[in-house]
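> Protein chains in written order, with our numbering: chain Y, 1 to 254; chain R, 1001 to 1259.
Quick reminder that beta carbons are idealized off the backbone N, C-alpha and C, glycines included.
Would you mind keeping the following structure in view while I ask a few things?
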């Protein structure tokens, strides 16, 4: 399955472009916003916090999208039945998508980070010791969301594909990407605490502002990641069985 | 290892029929679409499934491939239970249908390479060359799927189904989108490789000429049941018909209650 994704990317300039197109637009926009605010506020960390958030959030968003897109592309091609009629296991299909998403996200994030450093003088390495655990937690949550989207699209068909573009964005306001959790309304804060990536951004902000590593936040984020990954895998397994019981793999659009 | 580099089957599996469907039932939301279907296809037989639209032919093939789970009953391919271990059951099979497409963004060679990997073909390059020569698609190998005509895509998908030298081949309306000349070539090819390789083929088709020329045996499916099981000549005699089309119309009329 990794091989299939690699071949598709080779023949599709758009698939290569999209690794950077939207993230670059986001970075440029937020870079300008951050620079504007930095001149007018005493926000600790200032530009670094906003740009760091953009780059890190893109890891999660991009990962979720990659995992969803690989399945959607097979459905749009009407070739997915070829795969399911082969000895390929659902687990192999997913693991292949996860492996390839990791490669694309690492590549895309690296290029993005270089652009941000060159354009706005912010290095993602400034998040210090929190970088690797943050990256892994963001990846894990992106995979968890991606598994949920794959399950939903598998069960409900291409009608559910809007989730591929929007699920992470729906969560983003509560994920405390650009602001601390305690700035959210009271009723939303428990929800924010239940999202792994909010702990990543709390830890990143604290390090950039005050140089302290909040290992507890990162540990909580990692633990929540495991919950979401297991839940995503279970839901996908249930969805796969459901479509086979209902004969939905035979329907048009597969 | 056999001469294709695959692990040899244990003696018990080597004697198993190609396809066994035993008292298979399939209900969709309270509606029975497969009604206690039982049949066995021995190794090396070309078996056609005929029947009106909605008879259950595609549902049957999809259950044989593990795409759809039966409500009850059992299905095995070459001695392996499809529900218990779909992946193992499908390793020595191939499939193509008129309603699946080529991935647009892959070259033909790349597609065949991927399916060689999925089916654990030990020497993909040799297998690809062999199937390309067999189906005369060498000139397409380095073209993208989106650049091929519908008929060309059909042939390439047949190549995909044959690249792993399957022992059991499932074909759901395989020649539906081919011009008559190409359809004849494909029919003759299927008959030839079935004979040369003792390959089992289960084919569904609405083309009576195709069925008569290719199939050793015909299962007539209507209302989710097998209503006739014979050779083409046997069916003509059974229904007092001059050709298979007349058999088809008589059975279909009977199912619809039309006199």
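(1) Would you mind sorting residue 1167 of chain R into buried or exposed? The rule is 16 or more other CB atoms within 10 Å of its CB.
(2) Can you name the start and end residues of the beta strand (DSSP E) that residue 1172 of chain R belongs to?
(3) Straight-line CA distance for residue 196 of chain Y to residue 237 of chain Y?
(4) Mark residue 1049 of chain R as exposed unless 16 or more other C-beta atoms lie within 10 angstroms of its C-beta, in which case mark it buried.
(5) By how many angstroms is the C-alpha of residue 250 of chain Y removed from the C-alpha of residue 1010 of chain R?
(6) Can you tell me where the alpha helix (DSSP H) with residue 1125 of chain R in it begins and where it stops?
(7) Within a Cβ cutoff of 7 Å, which residues of the same chain sit near residue 171 of chain Y, ignoring the five residues on either side of it in sequence?
(8) Please report the straight-line C-alpha distance between residue 187 of chain Y and residue 243 of chain Y, rounded to a whole angstrom.
(9) Starting from residue 109 of chain Y, trace the alpha helix (DSSP H) both ways and give me its first and last residue.
(10) Thinking C-beta only, is residue 56 of chain Y closer than 8 Å to residue 134 of chain Y?
(11) Could you tell me which of R:1047, R:1108, R:1065, R:1100 sits nearest to residue 89 of chain Y, measuring between CA atoms?
(12) For residue 1062 of chain R, count the other beta carbons within 10 Å of its own beta carbon; 16 or more makes it buried, fewer makes it exposed. Which is it?
(13) Applying the criterion that 16 or more other CB atoms from any shown protein chain within 10 Å of the CB defines a buried residue, is residue 1188 of chain R buried or exposed?
(14) Would you call the region 105-114 of chain Y and the region 3-13 of chain Y in contact, with 3 or more CB pairs under 8 Å?
(15) So, is residue 241 of chain Y buried or exposed, given that buried needs 16 or more other C-beta atoms within 10 angstroms?
(16) Closer than 7 Å, Cβ to Cβ, to anything on chain R: give me those residues from the region 158-172 of chain Y, in chain order.
(17) Looking at C-alpha atoms only, which residue of Y:121, Y:218, Y:156, Y:173 is the closest neighbour of residue 189 of chain Y?
(18) Along the beta strand (DSSP E) that carries residue 1229 of chain R, what are the first and last residues, could you check?
(19) Below 8 Å on the Cβ atoms is my contact criterion, and I expect residue 1177 of chain R with residue 1204 of chain R to pass it. Report the Cβ-Cβ distance as a whole number of Å.
(20) Would you mind telling me which residues of chain R sit closer than 8 Å to residue 12 of chain Y, beta carbon to beta carbon, in chain order?
(21) Within 10 angstroms of the Cβ of residue 1109 of chain R, are there 16 or more other Cβ atoms? Answer buried if so, exposed if not.
(22) Give me whichever residues DSSP pairs with residue 1031 of chain R in a beta bridge.
(23) Let me know the secondary structure DSSP gives residue 19 of chain Y once reduced to three states.
(24) Which residue marks the beginning of the beta strand (DSSP E) containing residue 1049 of chain R, and which one marks its end?
(25) With distances taken between CB atoms, is the gap from residue 1056 of chain R to residue 1254 of chain R smaller than 8 Å?
(26) What does a CB cutoff of less than 8 Å around residue 1005 of chain R pick up in its chain, not counting 5 residues either side in sequence?
(27) Between residue 36 of chain Y and chain R, is any beta-carbon pair separated by less than 8 Å?
(28) My guess is that residue 1119 of chain R and residue 87 of chain Y are in contact by the Cβ rule of under 8 Å, so how many angstroms apart are they, rounded?
(29) If you count every other CB in all the chains shown that lies within 10 Å of the CB of residue 162 of chain Y, and 16 or more means buried, which is it?
(30) Which complete beta strand (DSSP E) runs does the region 1190-1217 of chain R hold, if anything under 3 residues is left out?
(31) Buried or exposed for residue 1030 of chain R, going by 16 or more other Cβ atoms inside 10 Å?
(32) According to the neighbour-count rule (16 or more other Cβ atoms, all chains shown, within 10 Å of its Cβ), is residue 322 of chain Y buried or exposed?
(33) Quick one: grab the DSSP three-state call for residue 1106 of chain R.
(34) Does the separation of the CB atoms of residue 202 of chain Y and residue 181 of chain Y fall below 8 Å?
(35) Do we get a CB-CB distance below 8 Å when we pair residue 1160 of chain R with the residues of chain Y?
(36) Would you mind listing the alpha helix (DSSP H) stretches within the region 166-251 of chain Y that are 4+ residues and don't spill past its ends, in chain order?
So, from the listed chains and residues:
(1) Stepping through the second chain from its first residue, residue 1167 of chain R is reached at position 167. So residue 1167 of chain R counts as buried.
(2) Within the second chain, numbered from 1, the residue matching residue 1172 of chain R stands at position 172. 1168-1172 is the span of the beta strand (DSSP E), which, as asked, contains residue 1172 of chain R.
(3) As a position in the first chain, residue 196 of chain Y is number 196, starting the count at 1. As a position in the first chain, residue 237 of chain Y is number 237, starting the count at 1. The straight-line gap from Cα to Cα measures roughly 23 Å.
(4) Numbered from 1 along the second chain, position 49 holds the residue referred to as residue 1049 of chain R. Buried.
(5) Sequence index remark: in the second chain, residue 1010 of chain R carries index 10 (1-based). Sequence index remark: in the first chain, residue 250 of chain Y carries index 250 (1-based). Because residue 1010 of chain R carries a pLDDT of 42, less than 50, the predicted location of this residue cannot be relied on, and no value is offered for it.
(6) Counted from its first residue, the second chain places residue 1125 of chain R at position 125. Secondary structure note for residue 1125 of chain R: its alpha helix (DSSP H) is the uninterrupted segment 1124-1135.
(7) As a first step, residue 171 of chain Y is located in the first chain; it is residue number 171 there, counting from the start. Apart from sequence neighbours up to five positions away, the residues of its chain that approach residue 171 of chain Y with a beta-carbon distance below 7 Å are 195, ordered along the chain.
(8) In the first chain, counting from the first residue as 1, residue 187 of chain Y sits at position 187. In the first chain, counting from the first residue as 1, residue 243 of chain Y sits at position 243. Residue 187 of chain Y and residue 243 of chain Y: Cα-Cα distance of roughly 37 Å.
(9) Taking the first chain and counting its residues from 1, one reaches residue 109 of chain Y at position 109. Note, residue 109 of chain Y: alpha helix (DSSP H), 90-120.
(10) On the first chain, position 134 is the one that residue 134 of chain Y refers to. On the first chain, position 56 is the one that residue 56 of chain Y refers to. Residue 134 of chain Y is a Cβ neighbour of residue 56 of chain Y, given a cutoff of 8 Å.
(11) Mapped onto the first chain, residue 89 of chain Y falls at position 89. The residue with the shortest Cα to Cα distance from residue 89 of chain Y is R:1065.
(12) Sequence index remark: in the second chain, residue 1062 of chain R carries index 62 (1-based). By the C-beta density criterion, residue 1062 of chain R is buried, having at least 16 other C-beta atoms within 10 angstroms.
(13) Counting from 1 along the second chain, the entry for residue 1188 of chain R is found at position 188. With fewer than 16 Cβ atoms within 10 Å of its Cβ, residue 1188 of chain R is classed as exposed.
(14) Under the Cβ criterion (8 Å, minimum of three pairs), the region 105-114 of chain Y does not count as touching the region 3-13 of chain Y.
(15) Numbered from 1 along the first chain, position 241 holds the residue referred to as residue 241 of chain Y. Answer is exposed; the Cβ neighbour count stays below 16.
(16) none
(17) Against the first chain, residue 189 of chain Y aligns to sequence position 189. The shortest C-alpha separation from residue 189 of chain Y is found at Y:173.
(18) Stepping through the second chain from its first residue, residue 1229 of chain R is reached at position 229. Start and end: 1225-1230.
(19) The count along the second chain starts at 1 and reaches residue 1177 of chain R at position 177. The count along the second chain starts at 1 and reaches residue 1204 of chain R at position 204. Not quite, the Cβ-Cβ distance comes to about 14 Å (not below 8 Å), so this is no contact.
(20) Here residue 12 of chain Y corresponds to residue number 12 of the first chain, with the count starting at 1. The answer, in chain order, is 1105.
(21) Stepping through the second chain from its first residue, residue 1109 of chain R is reached at position 109. By the neighbour-count rule (16 or more Cβ atoms within 10 Å), residue 1109 of chain R is buried.
(22) On the second chain, residue 1031 of chain R is found 31 positions in, with the first residue counted as 1. BP columns for residue 1031 of chain R point to R:1028.
(23) Taking the first residue of the first chain as position 1, residue 19 of chain Y is located at position 19. Here residue 19 of chain Y sits in coil by DSSP.
(24) If you number the second chain from 1, residue 1049 of chain R lands on position 49. Run containing residue 1049 of chain R: 1046-1050, per the beta strand (DSSP E) assignment.
(25) The residue you call residue 1056 of chain R lines up with position 56 of the second chain. The residue you call residue 1254 of chain R lines up with position 254 of the second chain. No, these two residues do not count as a Cβ contact at 8 Å.
(26) Against the second chain, residue 1005 of chain R aligns to sequence position 5. Low local confidence applies: a pLDDT of 40 at residue 1005 of chain R is under 50, so the model's placement there is unreliable, with the coordinate-based value given in what follows. Around residue 1005 of chain R: 1122, 1123.
(27) Numbered from its first residue, the first chain carries residue 36 of chain Y at position 36. It does not: the Cβ of residue 36 of chain Y has no partner Cβ on chain R nearer than 8 Å.
(28) Residue mapping note: residue 1119 of chain R aligns to position 119 of the second chain, counting from 1. Residue mapping note: residue 87 of chain Y aligns to position 87 of the first chain, counting from 1. That pair is a contact at about 6 Å.
(29) The count along the first chain starts at 1 and reaches residue 162 of chain Y at position 162. With fewer than 16 Cβ atoms within 10 Å of its Cβ, residue 162 of chain Y is classed as exposed.
(30) 1200-1204
(31) Counting from 1 along the second chain, the entry for residue 1030 of chain R is found at position 30. By the C-beta density criterion, residue 1030 of chain R is exposed, having fewer than 16 other C-beta atoms within 10 angstroms.
(32) Since the displayed chain Y opens at 1 and closes at 254, residue 322 of chain Y lies outside it and no answer follows.
(33) Sequence index remark: in the second chain, residue 1106 of chain R carries index 106 (1-based). Three-state DSSP puts residue 1106 of chain R in coil, outside helix and strand.
(34) Within the first chain, numbered from 1, the residue matching residue 202 of chain Y stands at position 202. Within the first chain, numbered from 1, the residue matching residue 181 of chain Y stands at position 181. Yes. Within cutoff.
(35) Locating residue 1160 of chain R in the second chain gives position 160, counting from the first residue. Interface flag for residue 1160 of chain R against chain Y is set, since a Cβ pair is found closer than 8 Å.
(36) 189-193, 196-210, 215-246
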